[in-house]
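In my numbering, the protein residues as written are 17 to 400.
No residue lacks a Cβ here, since even glycine has one placed at the ideal position from N, Cα and C.
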């Protein structure tokens, strides 16, 4: 018998087992709450997962990108190529180190950065490429790293959404340059808040540790030096304990996500839904971790806006969200010279993209409810 459908179906909901909850209690009783043995254990497990590469954990998947940029020596006068379709953190970290983000149009099929357009954006000031695996679908790593190698650029992979994804049989994080993961509660596994950075060698790992905690280097009982200006980015042992409980379930969670994605595709293939002209995500069942299921509304066919669709879904007890507005249209980036019309494909997708409820505990009945409700809303508001 399948589990009953939820009365209000949220966009996402983490699955945390009772054993993990009990382990968190043990950490709280231990008296060691901040970064300690659990954080080190999680780093070791993540390193094993990433093929033995050095991994350090942090309190977000945002600071990991900033620290990678700093380790790479990127700062004022430099440019970093990235996508306009992402959470704004992706480009904010570039500004944080004093560099300039340079946006490149997206591929309409994958919704990731269009690698064919990157080389035209490279200038003498370019130092890195910062791609995003939207909804967990990996950017073509072969083409990406070939471009970077040709032009002597670093790569900081914003893999916040692609933990558990693969590229041609290899785990994301097990190869490449810097790889940044997020473990926010909406991700495929969570540490409540947190992230991890995969590095190339122990020198970079040691520098990441310095940036993680105010630049401090300790020696002996009382020796302390500050060699770089760091921040307060460490992950607590409480959060790491949650991550240790989540990691063994990653493949199970992702298998359930793949099954749910298949359900969505089958349900959207019904005649009434198919007639709407919704833009569905790429049907990739070998490489993506299915972090999100996103549709693009057929705005040209509708008499209502996306916000009205979202309100009607909410009234029907269904959550939804926008991932994401076009970054270059925010005021901060307009002041840097970006404007409407610079990236028409990204702007069209960002105006109409909608993330639907998607998490391992969902059932096919839940997905059916979403599709039927969305289909009814859009059908009732089509232009004549």
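DSSP-derived helix/strand/coil call for residue i
i	result
residue 284	helix
residue 182	strand
residue 196	strand
residue 401	Outside the displayed range of the chain (17 to 400) lies residue 401, so it cannot be described from this structure.
residue 402	Missing from the structure shown is residue 402; the chain here goes from 17 to 400 and no further.
residue 235	strand
residue 374	coil
residue 244	coil
residue 230	coil
residue 116	strand
residue 392	helix
residue 329	helix
residue 295	strand
Own chain partners of residue i with C-beta closer than 7 angstroms, once the 5 adjacent residues on each side are dropped
i	result
residue 87	220, 223 and 224
residue 208	201, 255 and 258
residue 180	204, 266, 270 and 305
residue 101	122, 127, 150, 340, 342, 362, 365 and 366
residue 402	Residue 402 lies beyond the range of the chain shown here (17 to 400); nothing can be said about it.
residue 328	393
residue 59	71, 72 and 73
residue 489	Absent from the structure is residue 489, since the part of the chain shown begins at 17 and ends at 400.
Whole-angstrom distance between residue j and residue i, CA atom to CA atom
i	j	result
residue 33	residue 210	19 angstroms
residue 236	residue 191	35 angstroms
residue 388	residue 178	29 angstroms
residue 31	residue 37	11 angstroms
residue 154	residue 303	7 angstroms
residue 51	residue 111	28 angstroms
residue 152	residue 386	21 angstroms
residue 298	residue 317	22 angstroms
residue 285	residue 61	40 angstroms
residue 105	residue 212	15 angstroms
residue 277	residue 227	39 angstroms
residue 66	residue 184	15 angstroms
residue 334	residue 370	13 angstroms
residue 193	residue 330	41 angstroms
residue 24	residue 310	19 angstroms
residue 382	residue 197	29 angstroms
Identity of the residues DSSP links to residue i by a beta bridge
i	result
residue 142	95
residue 11	Here the chain covers residues 17 to 400 and nothing more, so residue 11 does not appear.
residue 338	None, per the DSSP bridge assignment.
Cut-off 6 angstroms between Cβ atoms - residues of its own chain near residue i, not counting five sequence neighbours on either side
i	result
residue 107	98, 117 and 343
residue 351	none
Close-in-space but distant-in-sequence residues of the same chain around residue i (CB under 8 angstroms, 5 per side omitted)
i	result
residue 115	85, 90, 91, 92, 93, 94, 95, 96 and 143
residue 167	135, 138 and 142
Chain B within 8 angstroms of residue i, Cβ atoms only
i	result
residue 258	You won't find chain B in this structure, because it holds only one protein chain.
For this session: Decide if the segment 355-375 is in contact with the segment 41-52; the criterion is three or more beta carbon pairs, one per stretch, under 8 angstroms apart.
Result: no
For this session: Indicate whether the contact test is met: 3 or more Cβ pairs, each with one atom in the segment 80-100 and one in the segment 140-153, closer than 8 angstroms.
Result: yes
Exercise. Counting Cβ pairs closer than 8 angstroms, one from the segment 159-167 and one from the segment 77-86, do we hit at least three?
Worked result: no
Exercise. Does the segment 107-121 come close enough to the segment 338-349 that 3 or more CB-CB pairs lie under 8 angstroms?
Worked result: yes
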